[in-house]
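Residue numbers (this note's numbering), protein chains in the order written: chain H, 373 to 595; chain D, 269 to 415. Beta carbons: idealized from backbone N, C-alpha and C, even for Gly.
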């Protein structure tokens, strides 16, 4: 999932300083699961903003809506009836995708209430960790299911490097060396010989450096 | 000018604080009438949104009262409530309210006198802090007129 966390209240408060009525929009997807932008967080943020504004003698009116997802037009358009004339700003508690989808649909001041962090998973309730580098061409089958792109600080494809010390990365002693993990895992699987094959330089044009990426599936296109 | 009488909402676990309040009554213990009790199935059910709502709707103070640590009927509800209250105190500070207006207490169903003591302690604390900044301009507690 996309993991995000809430911006400090003060920051969101400043972003809507001029608004009198705001639409606070949650997302029922990833950010609900990582407890950053679901229905509950929408309620907390809206109430906090209302109270903070009341203390400043500039009352704020809020409308709270949580969509199934903010990254699908069929759900975003459900907002149409809430985006009225008097809505001065839209506060989106989605990842950066949701914020942009709302901004693309409505000619309103749309602001993000979250900082989008990474593509990762839940280790335990309240703890999330990055797992995927979104590089566009998966090589996990070559590395025992452990991603060197994102878990190695250097993203090296033929590791480990000289900074691997006692299984930890030289960047931070609390971070496991991804290549140590890969080595241990391949040994467990009896596939250490696979690591003797040199992984050629990666085609990074398929990663984010190549500009906006698109995926097309002809059979899924309706029109 | 009317003396400030705080309005305090107490979210009380059915298995301890709520029973302790009952016991305090049976024991004819007096405690300040500023406390408004809300019966909860567990202190862990006290939702952060509801606590904020209490402040927004005019409470000068709020507390969550759960079982003694280790004695939760649902095992960990009171420990979760403790963490949530701690997080909400930070949020209150961000909003601009004194975090001391919110507190978590632990007691058992047999602690009627302690219930009364907590009610007095919290009332004194909020009285010292004064009315919630959100209530500026509102009528003193209990004197609001309908319509």
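Would you kindly report the start and end of the unbroken beta strand (DSSP E) that includes residue i?
i                      : result
residue 281 of chain D : 276–281
residue 393 of chain H : 393–399
residue 373 of chain D : 370–374
residue 308 of chain D : 303–308
Looking only at C-alpha atoms, which of the options sits nearest to residue i?
i                      : options                    : result
residue 367 of chain D : D:386, D:376, D:325, D:320 : D:320
residue 395 of chain D : D:290, D:329, D:288        : D:329
residue 303 of chain D : D:331, D:404, D:364, D:358 : D:331
residue 457 of chain H : H:440, H:442, H:481, H:437 : H:481
residue 477 of chain H : H:464, H:486, H:562, H:492 : H:464
residue 489 of chain H : H:399, H:508, H:507, H:467 : H:467
residue 547 of chain H : H:529, H:523, H:562        : H:523
residue 305 of chain D : D:316, D:295, D:322        : D:322
residue 393 of chain H : H:518, H:435, H:427        : H:435
residue 361 of chain D : H:452, H:459, H:423        : H:423
residue 297 of chain D : D:387, D:401, D:400, D:399 : D:387
residue 505 of chain H : H:485, H:486, H:526, H:487 : H:526
residue 415 of chain H : H:538, H:395, H:401        : H:395
Output the boundary residues of the alpha helix (DSSP H) element that contains residue i.
i                      : result
residue 487 of chain H : Element bounds for residue 487 of chain H: not the alpha helix (DSSP H) but the beta strand (DSSP E), 486–496.
residue 556 of chain H : 550–560
residue 536 of chain H : Looking at the DSSP string, residue 536 of chain H is not in any alpha helix (DSSP H), and its letter there is neither H nor E.
residue 476 of chain H : 468–477
residue 357 of chain D : 345–363
residue 385 of chain D : 380–397
Buried or exposed: residue i, going by 16 or more other Cβ atoms within 10 Å of its Cβ?
i                      : result
residue 430 of chain H : exposed
residue 271 of chain D : exposed
residue 397 of chain H : buried
residue 374 of chain D : buried
residue 281 of chain D : buried
residue 283 of chain D : buried
residue 572 of chain H : exposed
residue 343 of chain D : exposed
residue 420 of chain H : buried
residue 510 of chain H : exposed
residue 386 of chain H : exposed
residue 412 of chain D : Confidence at residue 412 of chain D is low in this model, with a pLDDT of 44, below 50, so the placement of that residue should be treated as unreliable; the coordinate-derived value is given next. So residue 412 of chain D counts as exposed.
residue 295 of chain D : exposed
residue 595 of chain H : exposed
residue 440 of chain H : exposed
residue 399 of chain D : buried
residue 409 of chain D : Since pLDDT at residue 409 of chain D reaches only 49, below the 50 mark, its modelled position is unreliable, and no value is offered.
residue 415 of chain D : Note that residue 415 of chain D scores 37 on pLDDT, short of 50, meaning its location in the model is unreliable and no value can be drawn from it.
residue 275 of chain D : buried
residue 545 of chain H : exposed
residue 413 of chain H : buried
Would you say residue i lies against chain C (beta-carbon separation less than 8 Å)?
i                      : result
residue 563 of chain H : Going by chain labels, chain C is absent from the structure shown, which instead holds the protein chains H and D.
Pairing CB atoms from the segment 406–424 of chain H with CB atoms from the segment 337–353 of chain D, are three or more of them under 8 Å? no
Between the segment 574–590 of chain H and the segment 327–345 of chain D, do three or more beta carbon pairs fall short of 8 Å? no
Would the segment 284–293 of chain D count as touching the segment 377–389 of chain D if we require 3 or more Cβ pairs under 8 Å? yes
When the Cβ atoms of the segment 584–591 of chain H are set against those of the segment 309–326 of chain D, are three or more pairs found closer than 8 Å? no
Evaluate the contact criterion for the segment 487–500 of chain H versus the segment 563–570 of chain H: three or more CB pairs, one atom per stretch, below 8 Å. no
Which ranges does the alpha helix (DSSP H) cover as unbroken runs of at least 4 residues, wholly within the segment 493–529 of chain H, from first to last along the chain? 520–523
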